[in-house]
Amino acid sequence: MNLIDKRTMVVMSNSSVLRVYITGTPGTGKTSVAKDLSHDLNLEFLELNDLIIKEGLYFGYDIDRESYIVDDDLLKEELLKKMKKKVNLCLSGGMVLQDLPIDYIIILHTSIHVLRNRLEKRDYSKEKIESNIEAEIMNVLYYDFTEFYPSEKIFEVHNDDRSVQDTCEHIKSIIRKHHLGISQ
Ligand SMILES: Nc1ncnc2c1ncn2[C@@H]1O[C@H](COP(=O)(O)OP(=O)(O)OP(=O)(O)O)[C@@H](O)[C@H]1O
Ligand SMILES: [Mg+2]
């Protein structure tokens with residue numbers, strides 16, 4: 025952790041805890057970026073998909089969509105329990121979290137060409153790839169999040185020309201700017 029990161033943490037510990045949600049359509053790099061960010065800022069990393077499966081926070085599995093049907097109320101309850109503990113958190117996931125005390129919602133974006141290449145390497149059906157690509161083109165997540173959070177908390181970060189670590193540095197600069205009023 026470099027000096028500026030330590031300063032960020034000191035200021036945060038004087039005010040409140042820091043909660044960051046790294047989100048985006050599948051394959052945009054959420055997990056990779058959230059892990060690095062958690063390490064750099066000493067945040068507890070929480071992969072929502074893992075939590076949902078481990079704690080059974082779903083109604084069932086949708087075979088057509090090849091994904092779990094998340095029980096939003098149970099997920100919210102579980103996250104609120106974690107948030108009560110006042111730990112600094114970095115969540116990673118692709119679902120819209122409604123009205124939770126999160127400081128930064130970071131929506132990762134990757135160009136369609138790169139994203140398609142990444143998804144084609146996975147064991148996804150053609151339909152699943154196309155519906156994810158469409159969601160990215162329509163920027164569905166951004167519009168969904170604006171229903172539940174003020175726009176000042178939502179940041180869109182494009183990572184085409186950035187490595188995972190550069191993306192992470194960019195997100196840290198957003199956090200520094202808003203927590204400390206430092207822009208660089
Ligand atoms: N900024 C980046 N530059 C280059 N490659 C990246 C970048 N971010 C992620 N990747 C690569 O893209 C792939 C997908 O990343 P990752 O698994 O983190 O995405 P994800 O959004 O968490 O996916 P999922 O929605 O399936 O959980 C990985 O191989 C990762 O190394
Ligand atoms: Mg992931």
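To convert a position in the sequence shown, counted from 1, into the working numbering, add 24.
Yeah, the Cβ is synthetic: ideal placement off N, Cα and C, and Gly gets one too.
Buried or exposed, going by whether 16 or more other CB atoms sit within 10 Å of the CB of D74?
Within the sequence shown, residue 74 is the residue found at index 50, counting from 1. Exposed.
Which residue or residues does DSSP assign as beta-bridge partners of V94?
If you number the sequence shown from 1, residue 94 lands on position 70. Partner residues in the beta bridge of V94, as assigned by DSSP, are Y82.
Checking the sheet assignment: what are the DSSP bridge partners for G48?
Position 24 of the sequence shown holds residue 48. Partner(s): L132.
In three-state DSSP terms, what is S207?
Here residue 207 refers to the residue found at position 183 of the sequence shown. Low confidence applies here, because S207 scores a pLDDT of 45, under 50, leaving its location unreliable and the question unanswered by this model.
Could you pull the start and end residues of the alpha helix (DSSP H) that E68 belongs to?
Here residue 68 corresponds to residue number 44 of the sequence shown, with the count starting at 1. Run containing E68: none in the alpha helix (DSSP H); it sits in the beta strand (DSSP E), E68 to E71.
How would you label Y167, buried or exposed, when you count the other beta carbons within 10 angstroms and need 16 or more for buried?
Position 143 of the sequence shown, counting from 1, holds the residue named residue 167. The residue is exposed, with fewer than 16 neighbouring Cβ atoms inside 10 Å.
Compute the minimum distance between the beta carbon of R89 and the heavy atoms of ligand 1, and state whether it is under 7 Å.
Mapped onto the sequence shown, residue 89 falls at position 65. No, the Cβ of R89 stays beyond 7 Å of every heavy atom of ligand 1.
Short of 7 Å in beta carbon distance, which residues of its chain neighbour V188, apart from the five on each side in sequence? Order them along the chain.
Position 164 of the sequence shown, counting from 1, holds the residue named residue 188. The residues are G53, S56, V57 and D60.
Below 6 Å CB to CB, which residues in the same chain sit around E71 once its five sequence neighbours on both sides are set aside?
For the purposes of this step, residue 71 is taken as the residue at position 47 of the sequence shown. For E71, where only same-chain residues beyond five positions count, the Cβ hits under 6 Å are S116.
Taking only the alpha-carbon atoms, compute the straight-line gap between L121 and H202 and give it to the nearest angstrom.
Counting from 1 along the sequence shown, the entry for residue 121 is found at position 97. Counting from 1 along the sequence shown, the entry for residue 202 is found at position 178. Their Cα atoms are separated by approximately 21 Å.
Considering only C-alpha positions, which residue in the set K110, E79, L139 and E154 is nearest to I126?
Within the sequence shown, the letter at position 102 stands for residue 126. Among K110, E79, L139 and E154, the Cα nearest to that of I126 is on K110.
Residue range of the beta strand (DSSP E) that S116 falls in?
Counting from 1 along the sequence shown, the entry for residue 116 is found at position 92. Where S116 is concerned, the enclosing beta strand (DSSP E) stretches over L113 to S116.
Taking the CB atoms as reference points, tell me whether L228 and N163 lie closer together than 8 Å.
The displayed coordinates of the chain run from 25 to 208. Any statement about residue 228 would go beyond what the structure contains.
Are the beta-carbon atoms of I161 and V181 separated by less than 8 Å?
Taking the first residue of the sequence shown as 1, we reach residue 161 at position 137. Taking the first residue of the sequence shown as 1, we reach residue 181 at position 157. Not a contact, by the Cβ cut-off of 8 Å.
For E180, write down the residues that DSSP places opposite it in a beta bridge.
Within the sequence shown, the letter at position 156 stands for residue 180. BP columns for E180 point to I131.
Which term fits I130, buried or exposed, when burial requires 16 or more other beta carbons within 10 angstroms of its beta carbon?
Sequence index remark: in the sequence shown, residue 130 carries index 106 (1-based). Per the 10 Å Cβ criterion, buried.
Measure the C-alpha to C-alpha separation of E154 and H133 and round it to an integer number of angstroms.
Along the sequence shown, one-based indexing puts residue 154 at 130. Along the sequence shown, one-based indexing puts residue 133 at 109. Computed Cα separation, rounded: 16 Å.
Would you list the one or two residues that DSSP bridges to R43?
On the sequence shown, residue 43 is found 19 positions in, with the first residue counted as 1. For R43, which the question treats as bridged, DSSP gives the partners L113.
Go through the segment 150 to 180 residue by residue and report every complete run of the alpha helix (DSSP H) that reaches 4 residues or more, in order.
150 to 162 and 164 to 170
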